[in-house]
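Numbering (the working numbering), first residue to last: 6 to 131.
1. Counting only runs that start and end within the segment 10-47, where is the beta strand (DSSP E) found for 3 or more residues in a row?
2. Specify the secondary structure class of residue 81 as computed by DSSP and reduced to three states.
3. By how many angstroms is the C-alpha of residue 118 removed from the C-alpha of residue 23?
4. Can you name, in chain order, every residue of its own chain whose Cβ lies under 6 Å from the Cβ of residue 14, other than the five neighbours on each side?
5. Bridge partners for residue 60 per DSSP, in chain order?
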């Protein structure tokens, strides 16, 4: 694989990640030869807080590393799935907050029913 093919592979991975995230990552991918002698495509941070880093598997060749990161990207949840997970988490946090602070059942019950429906739909989708 020549330099241009490696550049094209990294650009393809970047474009696939942008499509999956629905936005540009904070930092782009890099193709690295690690001290263990194996290759990895890594370093893509979706957000500026840099808490989460995306990386493919360690591989014996740069070509395998590019294929591996594409598989990693393919497995990422879509923007809609991430939004639903965030919503589910916020509903659960609201229920917990209400329970901890004595919020009346009339306000909590609709949230509990929403949480049940979300959980039921998630189980049926699998």
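Ideal Cβ placement from N, Cα and C applies to all residues, glycine included.
Working from what's here:
1. 35-38
2. In the chain shown, the residue the question calls residue 81 occupies position 76. Residue state, collapsed to three classes: coil.
3. Counting from 1 along the chain shown, the entry for residue 23 is found at position 18. Counting from 1 along the chain shown, the entry for residue 118 is found at position 113. Approximately 35 Å between the Cα atoms of the pair.
4. Residue 14 sits at position 9 when you count from the first residue of the chain shown. So the qualifying residues of the chain are 71.
5. Here residue 60 is taken as the residue at index 55 of the chain shown, counted from 1. Bridge pairing for residue 60: 47 [DSSP].
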